[in-house]
Every structure is written in C-alpha cells, then in structure tokens.
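Note that this note's numbering has the sequence shown beginning at -11, numbered continuously upward. Virtual Cβ for every residue (Gly too), placed ideally from N, Cα, C. Quick caveat, the model's predicted, so the values are computed rather than measured. Have a look at the structure below before the remarks.
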Amino acid sequence: MNKLIQPRWRAMTLLTILVLLWTTVTPAVTRAQASMPLVEEPNITTVPETEPTVTAAAAAADCSNSPFGGLLLVGAEREIFVSYRGGTAPHQGELIATRLDLTDAGKFQPQATWFGSTTDAALGNVTDPAATVADLNADGKFEFVQAFRDANGEYRLAAQSNSAGSDTWQGTARNQQYFATAAGNLTRSAGGDQEIAVVSRSPVDSLNVHLINGASDGGLPGDPLPLGLWRSVEN
C-alpha cells in the first residue's frame, strides 16, 4: 500500500512544482514582450531652412573692349613696310615708306608708297631714318612709325595708320643722328598700349633714349616733350 502511495506522491509533487513554475515565468515573459516596441521609431534629423543666396546683377558688358584681354591674330594677312631715304630725283633725300605684299606667285609687289614731302617740306631731306610698328592706342591695330632728323635738324617722328592717317611729331632735341627704334608696352600699362623707344647719338656723342607715347586715336602726341629720357652723359 505504501509502495503505491509514494510514487503517486512524488508525481503530485512534481506536477505542483511545474504548475508553480508556469504561473511564475509566464507573466514575466509577457511583461518583457509587452515592453518592447513593435516598430522602431526612425532617426529623424531636423534641418533648419536657409535663405536662398541672392547675387547682385552683373555690370553691363563693355562692348568697346574685348572680354578676352589682348588679341592674338591667327592666320591674318601681314604686309611689309620699308622705311628709307630716297636716292634719286625727284625724291632724293626724301623720307619714304613703301608697303609691299605677296602676289599669288609668291613675289613681293609694292602696294603703296608714301612720300614725306607731301606732308611736310622738311621731310624732303632727312637723315638716318629708322622704323618700327606699334599699337599706340591698344586697339589691336599697328601703326608704322619712322624716326629721323629732318631738313632743319629737328628730331622727328612720322606715323602711318588706318585710323589716324599720316601724323608727325617734333621733339626738342636737335641734330641727333644714327637713329634706331623699337616699340612695346614699356610702361607695363594695364590697357596694353605701346610706347616708342628711340635711340640716337647727340652732337656731343652721348647716347640718348627717348620714350614717346601715342595719342588715344592711334596718332602721335601733341606734346613735344617725351614721356621719358635717358642720357649716357649729361649735356
């Protein structure tokens, strides 16, 4: 009899323990599940609105100048200008400039000749002419400039240009000789206009360098004084 009761007692005791465990664990699991959100909230960052940038209107374009700075001529036709002193009558000793171009056969052909005496009688007998080309007003066009001593011993320049035509300038130095000339933006001006540099020998054998600027129309200046002057020896 006791042998039958003992197994039953043990079974009832085990069953009771299982029931207690079930009633204790189930509410804890239920509470844990209930505390977890079913859907995770997205991580949202709020960015404040910014005012759009307003740019001031640009200044009106300067149509009188190139927006690209200095111009480079590509494939442009070039002519040859020759400065010389006439050798035979009726232009013996006269300041002359001749423009030449190439023919279809590749030969030089004179296109035009300018005689100085048609502008000024004092250009009818000159000494030591020298020449250069210069863009005197930075318009992209070159002027042909001759430097020389005229029949009266005056220091002179003569210029030929499509925009200003023929023009002359007379300096204050006298009886100069052995002229040489060149041109460029020697003052490093922002506009790019070029100046004329003329080298000559004075009557007392000093080396003179005159710097002469052009006029706004591409001609020569009205002021007889040069823009600059350097002498190897003061005289």
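Beta-carbon proximity list for residue i, same chain, < 6 Å, skipping 5 on both sides
i: A119; result: S71, Q134
i: G206; result: L124, N125, E131, S149, S151, A152
i: W218; result: V197
i: A147; result: E131, V133, D155, L208
i: V121; result: F130, F132
Residue i: first and last residue of the uninterrupted beta strand (DSSP E) it sits in
i: S149; result: 142 to 149
i: L90; result: 83 to 90
i: R189; result: 183 to 189
i: Q134; result: 131 to 137
i: H198; result: 195 to 201
i: V70; result: 68 to 73
i: R162; result: 153 to 162
i: G216; result: 216 to 219
i: D116; result: 115 to 122
i: T76; result: First-last for T76: undefined, no H or E at that position.
i: P98; result: 96 to 103
i: G172; result: 165 to 172
Cutoff 7 Å; reference residue i; Cβ partners in own chain excluding five residues on either side
i: V17; result: The pLDDT assigned to V17 is 48, lower than 50, so where the model puts this residue is not dependable, and the model offers no usable value.
i: D193; result: none
i: P212; result: Q158, G159, T160
8 Å Cβ cutoff met for residue i and residue j
i: G81; j: R87; result: no
i: L195; j: L215; result: no
i: Y143; j: G159; result: yes
i: I84; j: F96; result: no
Any non-hydrogen atom of the ligand MN closer than 7 Å to residue i Cβ
i: Q158; result: The ligand MN is absent from the structure shown, which contains no ligands of any kind.
Quiz item: Taking three-plus beta-carbon pairs below 8 Å as touching, is the stretch 100 to 111 in contact with the stretch 135 to 143?
Solution: Yes, the stretch 100 to 111 is in contact with the stretch 135 to 143.
Quiz item: Hey, is the stretch 87 to 94 in contact with the stretch 163 to 173, meaning 3+ C-beta pairs nearer than 8 Å?
Solution: No contact exists between the stretch 87 to 94 and the stretch 163 to 173.
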